[in-house]
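These protein sequences, in sequence, are chains L and H. In terms of our numbering, the first sequence opens at residue 17 and continues consecutively. In terms of our numbering, the second sequence opens at residue 4 and continues consecutively. Note that beta-carbon positions come from the ideal geometry of N, C-alpha and C, so glycine has one too.
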Amino acid sequence: MSSPTMSRRVFLKASGGVLAGTLAFASGSIALLAPSRSWAMPLDNLTSRQGEVLLAVTRQIFPHPDLEDAVYAHVVKSLDRKTRAADNLDQVSALGHLLDEGIAELDAAAGGDFLAIDDARRLEILTPMGGTPFFEAIRGDAVVSLYDNPLAFAHFGYQGAEGDGGYLTKGFNDLTWLPDPPQPQGGYLPFEEPTA
Amino acid sequence: MAMTDNQKTFAHDDDSVVVVIGSGAGGGTLANELAQQGVDVVVLEAGALHTTGDFLADEWASFAQLAWLDPRTTSGSFRLAKDFPNLPAWIVKSVGGTTVHWAGASLRLQPHEFAALSTYGEVEGANLLDWPLSYDDLAPYYDLAERRMGVTRTNDIKGLPGNNNFKVMYNGAKNLGYSCNTGHMAINSAPRDGRAACQQRGFCFQGCKTGAKWSTLYTELPAGIATGHLELRPESHVARIEHDGSGKVTAVVYFDAAGEEQRQKARLVAVAGNSLETPRLLLNSASTMFPEGLANGSGQVGRNYMRHMTGSVYATFDEPVHMYRGTTMAGIVSDEARHDPERGFVGGYEMETLSLGLPFMAAFLDPGAWGPRFTGALDQYENMAGMWLVGEDLPQESNRVTLNPEVTDRYGLPVANVHYDDHPNDISMREHGYRQGTELYRSVGARDIYEVPPYPSTHNLGTCRMSERPEDGVCNGYGQAHEIPNLFISDGSQFTTSAAENPTLTIVSLAIRQAEHIGRLMQQGVV
Ligand SMILES: Cc1cc2nc3c(=O)[nH]c(=O)nc-3n(C[C@H](O)[C@H](O)[C@H](O)COP(=O)(O)OP(=O)(O)OC[C@H]3O[C@@H](n4cnc5c(N)ncnc54)[C@H](O)[C@@H]3O)c2cc1C
Ligand code: SF4
C-alpha cells in the first residue's frame, strides 16, 4: 500500500472547493489514508453540476464498484483544467462546448436529469455514444487521469514513486505461493556468491 | 558539473572530424570507439542532456521528459495506426538515446538468423535477404560488447536475482518444459565498471537512477569525452547532410539549442538516429545529384521497416504478485526462438517478463477499451504477472518510412510517416505466442488472461538495410553506404532482417566492428 503520509498530503490538496463528497467505503485504503471522511474538489471552469455528471459518466465508462468518488473526481478536475478558455478569449474552449453539448444531450435522453436516473439506465444511454467526440474526450482523459494519481495507486495496489529507492530489501521477491526457482536460473543477490 | 563542461571542442569549419548523428546505442558506442582510437568526433544529438539524478519515478512525467514527442504520422493496417496515430514508436530524444529507456535484455542473434533467406526460403510478400555478414564475423564483437556492457551470465557475471514476476514465469515455464532464467541483461548484478548494483527499482523504462543498467549516457559518452577526442553537442537537431560534386558528404546542417542553423564540416558522417529518423534524414537530404535522397540509388531507403512481432500476455492470480517491483525484464524463455516451420510460421520469438506501472497498464492494456472487462483487469493489478513476446517480423518493401509533406516539425522539415501492415507470418507467430503465454500462466493457476496488442514500437529496424549487392539495400556489411564511401549507417536501420532477439547488443557489436573498419579506412586514406 502507498505510504500514508504522502497520500494524506495529496488528499488535503484536493479539499476545500465546490465538488464536495463523502467517502463511501469506510474500510477502503483511501478512507484509511484520508484525514477526514469528506473531501472536495475545487472547479474553475465547469459548474459543480457538470462536475457531478462527468463523474457519473466516468463511473460508467470505467466502472470500479469499490473505487471512491474522490478518485473519479481527478478526472473531473483534469477536464476542468483542460476546459480553461484561452486567456485572451472571453468564451469557453472547444472542449467546453463539447462537454456542454454532451451533458445537455445526456440530460435530454434521461428525460431532464441524468443524475436522477439509475446506473443501468445511465449505461443504456451512454453505450451508443461510444466513439463520439464527447465520449472519447472523457474516456481519453480518464484513462490517464483516473489511474495516474496516488489515491488510485493506493486503491489498486501500485506503489508508484515509493519504488524509487528500490525494492531490493522491500519485497521484490517476496512471493511465497510458488516454489522459489533454483540457482543459477533464479540468479543471485548483489552480495551473494554464485554457487553454480 | 555536466560531462560536457570541460570537453574538447572543435570548430565548425574543421573538416577533419567525424560527425556522428545520434548518441544512442549505435551512435554513442561508435563515437566512443573512434575517440579511443584517437579519431576526433563531434556527436550531434537532438535531445537534451539529462543526468541520472533527473530521472523520475513516474511513468507519464518521465515519458514527457525523455520520449521523442516531435510529430510523426502513421498509415497501414497495423493497430497502432488507429490507437496511437502520432506515436508509432516509443523511443527517446535525449543524450543516450533509447538506451536511457531500454530494459537491458542483451541476446545474441542466432547463427541461422543472419541467413534468413537461405534458411527460410522465399516467403510470399516478404523481401527476405541474407545479411552480408555471418554470425562468426560478428562473434568476436559480441564478446567485446558483452564485456563492455557487463551482460549477466557472460564473462563470469552472475545472473540478476529474480523478482516476483520472474517466479511466476519460471514456474509456468517449467510446467511447459521450457527453460527459463533471469536472462542476459546489461544490468549490474554486482557493482562493476564504477556503477552500482541493481536496486530492483522497477523503473528501468524511466531511466536507471542507480546507473546499474548500461546506457551510453553514463558509459560510452563520458568515456569518449575523457579521451579529449569527442565533443558532444546536445540539443542539436540535424536537418540535412551535404555533399560535394564528387558525391562525398562534406558537412551536416543542424539547428542548435537556440534554433539557429549551424553547419559542421565533416570528413565522414555516421547516421544513428534510430530507424525512423535515419531514413528521414537521408530522404530530407535529397539534392540534384541524389534526387531520391542520399544513398538511395536502390530505392531501399526507408523500406523494409521492421518493428518485431510483439504482443503481451498478462495473467491474474488469486494471490499477489506485485510485478512492478524489480527489474522490468526479469526473466526470459528462449525455447520458441528456434526456426521450426512446423508451428506454422518461419522464425521464432522470445518470451520475456514485462511489467507496466498502473498508469501505463491503463494506457496500453487495450487502447480505446472501456467497460467492466477493462476495469476488471486493473482491479486485479496487484495480482498480475506479465510477459512480452518479441519475435522476428518479416521485411516487406511496402512497410516503409516516407516523408510526409503535409506535416512538418518546428524547423519546417517534413516528418516521418510510418506505414506498416502485419505479414501473415507475423500474425501466426503472435497467435502462437499468445497461446503459449496463456498456457504457461494457466499452468500456475491463472484466473484471467489478457492478450495485449503491440505497444508503440520500441524496436525499430531495417530502414537502411545491409546487403551484399547495392541494388538490394543501402549499405554494406560494415554499414558503409553503397553509394557514398564516407557515409555510414550506424544504428538498427542496418538490420537486414529483424531476428527474434532484442536488437541492442547487436547494434552495439556492429558499432564496435564499424569503428574498427572506419579506423582502418582512415589509415589507408580511403576516407
Ligand atoms: C521501453 C523500451 C525498452 C527497450 N528494451 C530493450 C531491451 O531490453 N533490449 C534491447 O536490446 N533493446 C531494447 N529496447 C530498444 C533499444 O533501446 C533500441 O534498440 C536502441 O536504443 C536503438 O539504438 P539506436 O542507436 O538505433 O537509436 P537510439 O538509441 O534511439 O538513438 C537515436 C538517437 O538519435 C537522436 N536523433 C534522431 N534524429 C536526430 C537528428 N536528426 N539529429 C540529431 N539527433 C537525432 C535521438 O534523439 C536519439 O537520441 C527498448 C526500447 C524501449 C523504448
Ligand atoms: S530495476 Fe535495476 S536496472 Fe532497473 S532502474 Fe532499477 S536499478 Fe536500474
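A buried status is given to H90/L, since no fewer than 16 other beta-carbon atoms sit within 10 Å of its beta-carbon.
Under the Cβ distance rule, D190/L counts among the residues neighbouring chain H, one pair being separated by less than 8 angstroms. From the beta-carbon of F87/H, no residue of chain L is found nearer than 7 angstroms; the closest lies around 12 angstroms away.
Ligand 1 has a heavy atom closer than 7 angstroms to the beta-carbon of N277/H. Distance from the Cα of Y414/H is smallest, within the candidate group G180/H, A242/H, A60/H and Y352/H, for A242/H. With the criterion set as a beta carbon lying under 8 angstroms from some beta carbon of chain H, the members of the segment 127 to 158 of chain L are G146 and R155, in sequence order. Not one beta carbon of chain L lies nearer than 8 angstroms to the beta carbon of E409/H.
Rounded to whole angstroms, the Cβ separation of L163/H and S192/H is 5 angstroms, and the two are in contact under 8 angstroms. Per DSSP, V22/H lies in no alpha helix (DSSP H); the unbroken beta strand (DSSP E) holding it starts and ends at V21 to I24. No heavy atom of ligand 2 is found nearer than 7 angstroms to the CB of R156/H. Close partners of G182/L in chain H (Cβ separation under 7 angstroms): Q202, Q203 and R204.
Scanning chain H for C-beta atoms nearer than 7 angstroms to the C-beta of P195/L yields N174, reported in chain order. Listed in chain order, the non-local C-beta contacts of N130/H below 7 angstroms within the same chain comprise N307, P398, Q399 and E400, local neighbours out to five positions each way being set aside. Straight across, the Cα-Cα distance linking T219/H with T330/H is about 19 angstroms. Under the DSSP assignment, Q203/H falls outside any beta strand (DSSP E); it carries neither an H nor an E label. Against chain H, the CB of P166/L has no partner CB under 8 angstroms away; the residue lies outside that interface.
Here the residues close to ligand 2, judged by CB distance below 7 angstroms to any of its heavy atoms, are G182/L, G107/H, I190/H, C201/H, Q202/H, Q203/H, R204/H, G205/H, F206/H, C207/H, C211/H, K212/H, T213/H, A215/H, K216/H, G329/H, T330/H and T331/H in chain order. In chain order, G202 place their CB closer than 7 angstroms to the CB of D196/L, counting only its own chain and leaving out the 5 sequence neighbours on each side. With its beta carbon at least 8 angstroms from every one in chain L, L69/H lies outside the interface. In the DSSP assignment, M354/H falls outside any alpha helix (DSSP H) and within the unbroken beta strand (DSSP E) covering Y352 to T356. D190/L has its Cβ no nearer than 7 angstroms to any heavy atom of ligand 1. Excluding sequence positions up to five before and after E116/H, its CB lies within less than 6 angstroms of the CB of A502, all in the same chain and listed in chain order.
The beta carbon of G27/H sits closer than 7 angstroms to at least one heavy atom of ligand 1. With respect to the 8 angstroms criterion, F208/H and H104/H are classified as neighbours on the basis of their beta carbons.
Contact between the segment 171 to 180 of chain H and the segment 181 to 189 of chain L is absent: fewer than three C-beta pairs spanning the two stretches fall below 8 angstroms. Between A72/L and chain H, the shortest Cβ-Cβ separation is not below 8 angstroms.
Nearest CB-CB separation between L132/H and chain L: not below the 8 angstroms threshold. Using a CB distance below 8 angstroms, no part of the segment 281 to 302 of chain H faces chain L.
A direct Cα-Cα distance of roughly 11 angstroms separates G465/H from L132/H. A distance below 8 angstroms between beta-carbons, with the five flanking residues on each side excluded, links I119/L to the following residues of its chain, in chain order: Q66, V69, L70 and F130. When S446/H, H426/H and L37/H are compared, the shortest CA-CA separation from E395/H is found for H426/H.
The Cβ-Cβ distance between S446/H and L392/H does not fall below 8 angstroms.
For A86/L, the closest C-alpha among the options D180/L, A50/L and A126/L is that of A50/L. Sorting D157/L, A153/L, E121/L and F169/L by C-alpha distance to the C-alpha of I141/L places E121/L at the top.
Distances taken from the Cβ of H462/H to the heavy atoms of ligand 1 include one shorter than 7 angstroms. Here Q517/H has L33, Y481, G482, F491 and S493 as same chain residues with Cβ atoms under 7 angstroms from its own Cβ, once five neighbours each way along the sequence are excluded.
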